[in-house]
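Line by line, the protein sequences give chains A and B.
Quick note on numbering: our numbering labels position 68 of the first sequence as 592, and the sequence is numbered without any gaps.
Quick note on numbering: our numbering labels position 35 of the second sequence as 31, and the sequence is numbered without any gaps.
Note that CB positions come from ideal geometry on N, CA and C, so glycine has one too.
Working notes, structure below.
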Amino acid sequence: MSSSQQQNPQAGQGQALPKKEADLFKNLVKHYEAKQYKKAMKQADLILKKFSKHGETLAMKGLTMYYFSTDKHEEAHNLVKEGLRNDFRSHVCWHVYGLLHRADRDYGEAIKCYKQALRIDQDNLQILRDLGLLQIQMRDLSGFVVTRNSILILKPTLQPNWLSFMLAKQLLGQTEGALQVIDIYLETLRSGNNTNNDSIELLERNYAPSELQLYKNNLLLSLGKWEDAMSHLNEMGHCIVDRGAYGWNTATCLLNLEKYDECISTLDKLMQGGRMEDYRLHAAYMCAYLMTKEKDNVDVRKWWPVGGHEYGGMDTPATKFQLTKEQSRSLLDLYQNDLLPQYPKSLATKRIPLTILWQLAVSGTDEAKKGWSVALDTYMRKGLTKGVPSLSHDLSSLLLVASSDNQYQLALDPTDVKNHAQYGQILELLDDYITNLRERSQLTSSDEKKEPPSTLFWVWYCRAGWYELSAQYSLALEDIARCREHTPTAVDVYELEARILHKAGSLEKAIESMDVGRVLDLQDRYMNNETTRYLLWNNQPKEALEKISMFLSQKEGPVQSLYDMQCSWYELELAACLERQEQYGRALKQYAAVLGHFDDIHEDQFDFHSYCIRKVTMRAYTDVLKWEDALWDQPYYREAAEGTIRIYLKLHKNPPEELAEPDYSGMTAAEKKKAKAIARKKASKKKKVAAAEAQAKADNNTTDNNNKSSKKKLHPTEQDVEGDELLKKNALEECKKLSAILSKYAPSHLSTWLLQYDVSIQRGTGKSLMALQALFQARKVAAIDNHSEVFTRIVDFCSRPIPDDQPAVVQQVLKEQIPVLLNHASSVSDFVNSVAAEKEQQKCATRLAVAKALCQHGGKSPTEAAQFLVSGAEPDNVESCQEALRVLQEEWKVSDESLISEWKRRVKAQFPLLDGW
Amino acid sequence: MSKRLKIDFGSINDNNVEMLRKVNSACFPISYNDNFYKDVVARKNQGLNKFAYYGGFVIGAVCTRLEPLPGDESRKRLYIMTLGVLAAYRGREVGTQLIESVLNYYEENKSDQFKDVDEIALHVQISNDDAINFYIERFDFVRGDMVENYYRRIDPPHCYLLYKKLQ
């Protein structure tokens, strides 16, 4: 035997370890699995003493070391690699290498290693299972289905193997196949060939079998197999324990099978069971009921699309569709004579008829109008006596506007709100209440009972909220002053006041109000957090941190606990604040923290892949998978990604001085030397300060807990506090990466495409088609014509020369598509001028964008552009109004003072408290 | 409708003492200094210092302290420092209920905590007829001597001592 073989007996197809060492190796694996890393290391060392090149032991030692001490990851990698070098035909070594990559979250590499291991030992269940976990995590669904199939064939007696295979089929879109798998499996249980006790329980009434049956039923529903789903429910209903889901599925089937009476009685049972506040249930009820009464007039496919997923929040057919008189009357009859007597306390049951009555009144008789007025009055008085802070918001959902296709939409724009008939009607009612309360402590003159003193407060409060909807901020503030005078101890009023002051233009005053409310009740976390948010808006990060710290663990330090709690809203507001202050490194650091949280959330699902299958929580599990698939479309993620892209774009255009090589050309040698010395000095000074700070921090830690902290890995919030590392990254590369994610996962948002355009332009003429595509997407998503941001970019793109360094085909596409972007105007100038001629009044942002384009590309002088801007821009938003003033004064240097003062006058009329006007 | 507003009582503590400031500054012509509020919180006696709540809002408060009886250092008296109800909520017996609750608290504890307490007393500006009538007519307080120049910044600066023997 050669000496190398003596040290490494298993290499190649050599013989196994001697008995003693083989036992040691078994112990090593056992200890590793039990997370007893120290013991495992000891076993490994004992084996290596005799066989210093034993590959599998080296690999296992490396893996153990990885978990044993976090600062030896590199050494761990080296050990595993050495093990692999010594025994590259061992599946154990490859498996271990895969596990190491997995620990590093490098799933792509891990999958490769597992596959290599399986080439050597193709029926290794453990490796197959590990591979499957990574495939589902990475959504390699076609690979996943193959892996789970192999596992099932190897071990068909285990229930999880059937469930996983079934799930794999479903995820791949093979719902029919998934159903077949369930049926085959259940059949093997029924025929009694199976001796596994766990599995037999699946036919009894228990949680796991119940979930499995409901899962199967959901699959049938998703295929629209109503008959099959119904008979399945009838057959297996006895073993379903989630009666709510059972009832809802039954009702869905019956509705689609046009068995409306049965559907209604099923829904009745659900309501009696306590679900009378579920608006989706009400919506289904209304659809079914109308079908029994007005069959010919209702298109149930439109009103109740499969599963009713169109209904969210407080939507019902009455808020979405224009009902005929007959439909309204039968629904009203349903609620007033049937549901309300049954559920007199249900809020939904009281609120829904209000919308129906409104529909009846809109084009109805005087009698109908009277009925609606009385109902509205009753509803409002109840809320005011009780003191419902959200009443004005609740009532705002009555401000419905008919759109095309006999559907309704909510009025959101302040002008639309103000012009709505019911806005005026409700305002009048509120005015009357106030008069009556002041004269005789009653809400209406016909009222029997006297109101408590707080009612007057709530009427003012509600009216202030009502004025807020129509952007009449001065009137709102007058009512708020009355509230403050009446009950200065009411926290609610300060919050509303702050919100309105902010909208009216004064952030400073808003913060003052918020803080008055906050100190009234120091335990009110909402008020504390809102104050924090306002302070960040006002660029006061230090004060904000002080405030929010009052609710945070003092032991770990506020910054760390905010990070550990994944407090994204705070990190995002702080990042935006730092971005405004041009502290780009620190801002990037905050955005990176949020992006990191989302990586963690994505990573978190890993544990569910095996757990959920074992526990048979299939419905919840598939929901989680679906949710994780849409993770990069979450608002917080998008905000962080967009912020990061914005900053890197700025850095790309204007690199910070430390990073950029200063322009030394045109200097004499001596000047150059001097400039370099200064730059060096600056850099070293900055380094010293940073080092001193880090040292101070480290010292603090050691005094806190002497020996631990020296070993402890630095918390992410303590590393690279200034974000210098982030500043050094390749800016354009980072933009490209994030913009690609947003384009793929968040394509329905305008900001995604605006940034994609900006990034593509910076990447040069080679990406012209990408920029073009982004513009078309943006135009599609923006939904309104000439959105200011889209308009500006279209003008920018079309005024660039066609790049002659690009292939002919690219130039051809651009030549064809640019006229499409310009609505077939003959030139950019024509396009701009035709857009300018379209409307009299426009949103301020749009008007400003068009005015700037007129000046740059439309052949107009700054004065003409300024006249165009001031004459037709609606002061609808503080930021764009301020930007307009800046452009007028600084960019165009308009000399006509009357134009400037006219603009200021119009803006101040809308935002009376604007800071610094 | 009964005249009496149905109120709840609540304690005054570090977290909500600013509410007391709001009530007091809405009710009284004089402003109390920080020490007044610190003492109220430090005393932590919910029986003697409390808020009146209606519909979730603080609408009034009473603050009382135990102090040596002037002239006889071995005996004590309950001294009402402030009793305030927000204007919008007056005339609904909120103040009455607050004083009643202090008196009830005394009754419940007169054999131990308050065994050396002889009377309950307060100072009231001589022009404040409403307050004087309130204590005398509703709670049988007695009008004592006038103290001249008791207040510094308000006119008239004189006050009466109102008191009621408890045992």
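Task: Cβ-based neighbour list, A/Thr1276, same chain, cut-off 7 angstroms, excluding 5 preceding and 5 following - done: Leu1266, Ser1267 and Ala1270
- [ ] Use the C-beta contact count for A/Tyr784: other C-beta atoms within 10 angstroms, 16 or more gives buried, fewer gives exposed.
- [x] buried
- [ ] Can you grab the Cα-Cα spacing for the pair A/Tyr1058 / A/Ala1034, in whole Å?
- [x] 8 angstroms
Task: Cut-off 8 angstroms between Cβ atoms - residues of its own chain near B/Val143, not counting five sequence neighbours on either side - done: His119, His154, Cys155, Tyr156 and Leu157
TODO: Along the alpha helix (DSSP H) that carries A/Tyr1115, what are the first and last residues, could you check?
DONE: Tyr1108 to Asp1128
Task: Minimum length 4: unbroken alpha helix (DSSP H) runs contained in the stretch 1342 to 1394 of chain A - done: 1352 to 1362 and 1368 to 1381
Open item on the list: Among the candidates A/Cys811, A/Met760 and A/Ala769, whose CA atom is the shortest distance from the CA of A/Asn780?
Closed with: A/Cys811
TODO: Look at the alpha carbon of B/Asn9 and the alpha carbon of B/Lys18, and state the distance between them as a whole number of angstroms.
DONE: 14 angstroms
Task: Proximal residues to B/Pro64 (C-beta, below 7 angstroms), its chain only, five neighbours per side dropped - done: Lys72
Open item on the list: Strictly below 7 angstroms CB to CB, what residues from chain A border B/Phe53?
Closed with: Ser978, Thr1011, Thr1013 and Ala1014
TODO: Taking only the alpha-carbon atoms, compute the straight-line gap between B/Phe130 and B/Phe137 and give it to the nearest angstrom.
DONE: 9 angstroms
Task: Burial state of B/Asn20 (16 or more Cβ within 10 Å) - done: buried
- [ ] Give me the Cα-Cα distance between A/Asn1062 and A/Gln1406, rounded to the nearest whole angstrom.
- [x] 16 angstroms
- [ ] Please name the residue in A/Glu1364, A/Leu1256 and A/Ala1369 whose C-alpha comes closest to that of A/Ser1312.
- [x] A/Ala1369
Open item on the list: If you measure between the beta carbons of A/Ala1022 and A/Tyr997, is that distance less than 8 angstroms?
Closed with: no
Open item on the list: Below 8 angstroms on the Cβ atoms is my contact criterion, and I expect A/Ile1024 with A/Leu1001 to pass it. Report the Cβ-Cβ distance as a whole number of Å.
Closed with: 6 angstroms
TODO: Could you round the C-beta distance between A/Ala1408 and A/Ala1397 to whole angstroms and report it? I think they count as a contact, below 8 angstroms.
DONE: 6 angstroms
- [ ] Using a threshold of 8 angstroms, state whether the C-beta atoms of A/Asp647 and A/Leu678 are closer than that.
- [x] yes
- [ ] Leaving out five residues on either side along the sequence, give the residues of the same chain with a beta carbon under 7 angstroms from the beta carbon of A/Leu548.
- [x] Gln567, Leu570 and Ile571
- [ ] Out of A/Ala564, A/Glu606 and A/Thr588, point me to the one whose CA is closest to A/Ser576's CA.
- [x] A/Glu606
- [ ] Just grab the DSSP bridge partners of B/Gly80 for me.
- [x] B/Ala57
Task: Under 8 angstroms by beta carbon: chain B residues contacting A/Leu961 - done: What A/Leu961 touches in chain B: nothing, since even the nearest Cβ is about 11 angstroms away.
TODO: Kindly list, in the order they appear in chain B, the residues whose Cβ is closer than 9 angstroms to that of A/Gln519.
DONE: Not covered by the structure: residue 519 of chain A. The range shown for chain A is 525 to 1441.
Open item on the list: Quick check: what's the CA-CA separation for A/Leu1438 versus A/Val1043?
Closed with: 26 angstroms
- [ ] Kindly say whether A/Lys1428, judged by its beta-carbon, lies nearer than 8 angstroms to any beta-carbon of chain B.
- [x] no
Task: Whole-angstrom C-beta distance between A/Thr1168 and A/Leu1031, which should lie under 8 angstroms - done: No, A/Leu1031 and A/Thr1168 are not in contact; Cβ-Cβ is about 25 angstroms, not under 8 angstroms.
Open item on the list: By the three-class DSSP mapping on this structure, what secondary structure does A/Gly1029 have?
Closed with: coil
Open item on the list: With a threshold of 7 angstroms on Cβ separation, who are the neighbours of A/Ile876 within its own chain once the five nearest residues in sequence on each side are excluded?
Closed with: His806, Thr840, Ala842 and Tyr859
- [ ] State buried or exposed for A/Thr1226, treating a residue as buried only when at least 16 other CB atoms are found within 10 Å of its CB.
- [x] Unreliable positioning characterises A/Thr1226 in this predicted model, as indicated by a pLDDT of 45, which lies under 50. The coordinate reading is nonetheless provided below. So A/Thr1226 ends up on the exposed side.
- [ ] Report the partner residues of A/Ala926 according to the DSSP bridge assignment.
- [x] A/Tyr932
Open item on the list: Applying the 10 Å Cβ sphere with the 16-neighbour rule, what's the burial state of A/Lys826?
Closed with: exposed
Task: Within chain B, the residues that A/Leu1044 reaches when beta carbons sit closer than 8 angstroms - done: Asn12, Glu14, Met15 and Lys18
- [ ] Kindly indicate the opening and closing residues of the alpha helix (DSSP H) around A/Phe1315.
- [x] Ser1312 to Cys1322
Open item on the list: Just to check my reading of the structure: A/Leu1393 and A/Arg1371 have Cβ atoms closer than 8 angstroms, yes? What is that Cβ distance to the nearest angstrom?
Closed with: 6 angstroms
Task: Unbroken beta strand (DSSP E) run spanning B/Val120, endpoints - done: Val113 to Gln121
Task: Listed by chain order, chain E residues near A/Gly911 by CB distance under 8 angstroms - done: In the structure shown, chain E does not exist; the protein chains are A and B.
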